[in-house]
Amino acid sequence: PTLSPSHLQDLPGFTRSVYKRDHALITPESHVFGPLPDWSNA
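If you read the sequence shown in this note's numbering, its first letter stands for residue 18, the second for the next number, and so on.
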């Protein structure tokens, strides 16, 4: 869902990100920080 209520913003699955056929708006709360396999100092 998009534009989630403020009390639900920290729950998984609630984000302002939007994915369409020809573009995507990826907001900071939907970014997942993870290691890049076989990359050093990345």
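Glycine included, every Cβ here is placed at the ideal spot set by N, Cα and C.
Buried is the label assigned to Thr-32, since at least 16 other Cβ atoms lie within 10 Å of its Cβ.
Rounded to the nearest whole angstrom, the CA to CA distance from Asp-39 to His-48 is 20 Å. If the five residues before and after Glu-46 are omitted, its C-beta is found closer than 6 Å to the C-beta atoms of Thr-32, all from its own chain and listed in chain order.
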